[in-house]
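If you read the sequences in order, they're chains A and B. Position 21, counted from 1, in the first sequence is what the numbering used here calls 21; the numbers after and before it change by one each time, with no gaps. If you want the numbering used here, it's the 1-based position in the second sequence plus 108. Glycine included, C-beta positions come from ideal geometry on N, C-alpha and C. Since the structure comes first, as structure tokens, the remarks are kept for the end.
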Amino acid sequence: MITQIPLVYYLALAAALFCVGSFGALARRNAIAVLMGIELMLNAVNINLVAFWRYGAADPVVNQAGIVFALFVITLAAAEAAVGLALIIAIYRSRDTVNIEEIDLLKW
Amino acid sequence: MDATTVIAQAVFIIVATLTLIAAFLTVLVRNVFHAALALVGTFFGVAAIYLMLEAEFLAIVQVLVYIGAIAVLILFAVMLTRGLMQRDTISFNRQWAWAALVISTLFLGLFILILQVPWLQTPGTAIYTDLTPWLGTQLLTTYLLPFEIVSALLLAALVGAFIIARE
């Protein structure tokens with residue numbers, strides 16, 4: 001089944017997913033929604049890594065660098081989500097908002 | 109094109125469309141709780157894409173870690189900071205038009221680039237061996253150092269998150 005789908009399809013899907021995620025990260029006001037946009041971007045990058053592993057590796061069973069990299073990205077995404085959400089909750093406790101336009105303590 | 113090609117490409121296009129719809133909902137829906145639920149849908153779609161790429165282990169890890177841990181964490185954070193995104197609140201900040209312009213330009217550029225590069229069109233033969241034992245061996249031999257470093261990093265991040273978020 002895999003042999004019938006060109007690599008371009010996966011790359012186009014990953015590019016679209018990355019762009020949707022980065023729009024969410026740039027344009028949302030709620031800090032949690034910004035974090036969700038970043039998770040979408042990480043997922044798009046992972047699709048690219050796995051697609052290049054499957055299509056590019058000489059022997060996908062022996063050479064697993066791409067899939068291992070994707071595993072590390074998933075781990076880092078978990079760490080990033082934990083720290084990010086902890087920060088958001090701490091800010092919500094002290095400033096009573098999760099709107100990133102009102103969180104400007106370090107800005108001026 | 110024979111029948112299997114049509115079926116394979118149709119399945120891919122359906123899965124990709126559903127994933128993208130869920131991603132758009134995640135970004136555009138005003139209620140953050142609904143956005144988090146749409147995010148779960150996106151994660152499922154990406155797991156299906158991994159299955160199509162014959163990375164079964166990664167698909168299961170995606171469901172376990174992203175849906176089981178990250179999505180639940182996000183849902184908890186939404187519930188702990190509730191009451192701020194009501195019906196009348198604006199969900200986008202002031203620079204959203206600029207962001208949309210830049211992002212659509214970026215997408216167009218990426219798409220043209222992807223179409224122009226002569227990629228390998230098809231992978232080798234289908235994988236018939238079980239990948240997971242190979243992956244475990246590789247993680248504990250070739251990639252042992254990054255594996256240990258990432259475990260220490262995850263521990264540090266979780267302890268740090270606990271310290272930041274406690275009262």
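So which residues on chain A does residue i lean against when the C-beta distance must stay under 7 Å?
{"i": "GLY268 (chain B)", "result": "VAL83"}
{"i": "PHE120 (chain B)", "result": "ILE5 and TYR9"}
{"i": "LEU218 (chain B)", "result": "ALA15"}
List the residues of chain B whose Cβ lies closer than 9 Å to the Cβ of residue i, in chain order.
{"i": "ILE103 (chain A)", "result": "The contacting residues do not exist; ILE103 (chain A) stays about 12 Å from chain B at best."}
{"i": "VAL68 (chain A)", "result": "LEU243, GLN246, LEU247, THR250, TYR251, PRO254 and PHE255"}
Give the interface partners of residue i over in chain B, defined as CB-CB distance under 7 Å, in chain order.
{"i": "SER22 (chain A)", "result": "ILE211"}
{"i": "VAL45 (chain A)", "result": "Ordered by position in chain B, no residue passes the 7 Å Cβ test against VAL45 (chain A), which lies about 11 Å from the chain."}
Going by CA-CA distance only, name the one from the options that's closest to residue i.
{"i": "ALA15 (chain A)", "options": "A:PHE23, A:ALA31, A:ALA44 and A:GLN4", "result": "A:ALA44"}
{"i": "MET36 (chain A)", "options": "B:LEU181, B:ALA208 and B:THR237", "result": "B:LEU181"}
{"i": "ALA90 (chain A)", "options": "A:MET41, A:PRO6 and A:ALA31", "result": "A:ALA31"}
{"i": "ILE47 (chain A)", "options": "A:ALA82, A:ILE88, A:TYR10 and A:LEU85", "result": "A:TYR10"}
{"i": "GLY217 (chain B)", "options": "A:GLN4, A:LEU7 and A:PHE18", "result": "A:PHE18"}
{"i": "LEU263 (chain B)", "options": "A:ARG54, A:GLU80, A:VAL98 and A:ALA25", "result": "A:GLU80"}
{"i": "GLU256 (chain B)", "options": "A:ILE38, A:PHE72 and A:LEU42", "result": "A:PHE72"}
{"i": "PHE151 (chain B)", "options": "A:PRO60, A:LEU26, A:VAL98 and A:GLY21", "result": "A:GLY21"}
If we ignore side chains and look at the alpha-carbon of each, how far apart do residue i and residue j end up?
{"i": "VAL148 (chain B)", "j": "ILE67 (chain A)", "result": "22 Å"}
{"i": "ILE122 (chain B)", "j": "ALA207 (chain B)", "result": "28 Å"}
{"i": "TYR174 (chain B)", "j": "SER212 (chain B)", "result": "27 Å"}
{"i": "GLN224 (chain B)", "j": "ASN63 (chain A)", "result": "27 Å"}
{"i": "PHE52 (chain A)", "j": "ARG95 (chain A)", "result": "44 Å"}
{"i": "LEU161 (chain B)", "j": "ASP104 (chain A)", "result": "44 Å"}
{"i": "ILE271 (chain B)", "j": "ALA111 (chain B)", "result": "57 Å"}
{"i": "VAL169 (chain B)", "j": "VAL83 (chain A)", "result": "20 Å"}
{"i": "THR97 (chain A)", "j": "THR189 (chain B)", "result": "8 Å"}
Can you pull the chain B residues whose beta carbon is under 8 Å from the beta carbon of residue i, in chain order?
{"i": "ASN48 (chain A)", "result": "Those do not exist, as ASN48 (chain A) stays about 10 Å from chain B at its closest Cβ, beyond 8 Å."}
{"i": "LEU106 (chain A)", "result": "Here the premise fails: no neighbours, minimum Cβ distance about 16 Å."}
{"i": "ARG95 (chain A)", "result": "Result: empty, since nearest Cβ-Cβ is about 11 Å, beyond 8 Å."}
Run through the DSSP bridge pairs and tell me what residue i is partnered with.
{"i": "ASN48 (chain A)", "result": "ASN48 (chain A) pairs with nothing; no bridge assigned."}
{"i": "ARG28 (chain A)", "result": "B:PHE200"}
{"i": "ASN63 (chain A)", "result": "According to DSSP, ASN63 (chain A) bridges with nothing at all."}
{"i": "ASN99 (chain A)", "result": "A:ASN30"}
Below 8 Å on C-beta distance, what does residue i contact in chain A?
{"i": "GLN228 (chain B)", "result": "One point to set straight first is that residue 228 (chain B) is Leu, not Gln, in the sequence displayed. Within 8 Å Cβ-Cβ: LEU7, TYR55 and GLY56."}
{"i": "THR240 (chain B)", "result": "What THR240 (chain B) touches in chain A: nothing, since even the nearest Cβ is about 10 Å away."}
{"i": "LEU188 (chain B)", "result": "ILE89 and TYR92"}
{"i": "VAL258 (chain B)", "result": "PHE72, THR75 and LEU76"}
Please list the partners that residue i has in chain A, where partner means a Cβ-to-Cβ separation under 9 Å.
{"i": "ILE277 (chain B)", "result": "The structure shown does not extend to residue 277 (chain B), since chain B spans only 109 to 275, so no value can be given for it."}
{"i": "ILE175 (chain B)", "result": "Chain A residues near ILE175 (chain B): none, gap ~11 Å exceeds 9 Å."}
List, from N- to C-terminal side, the alpha helix (DSSP H) runs of 4 residues or more that fit wholly inside the stretch 126–213 of chain B.
You should have 140–160, 164–169 and 180–188.
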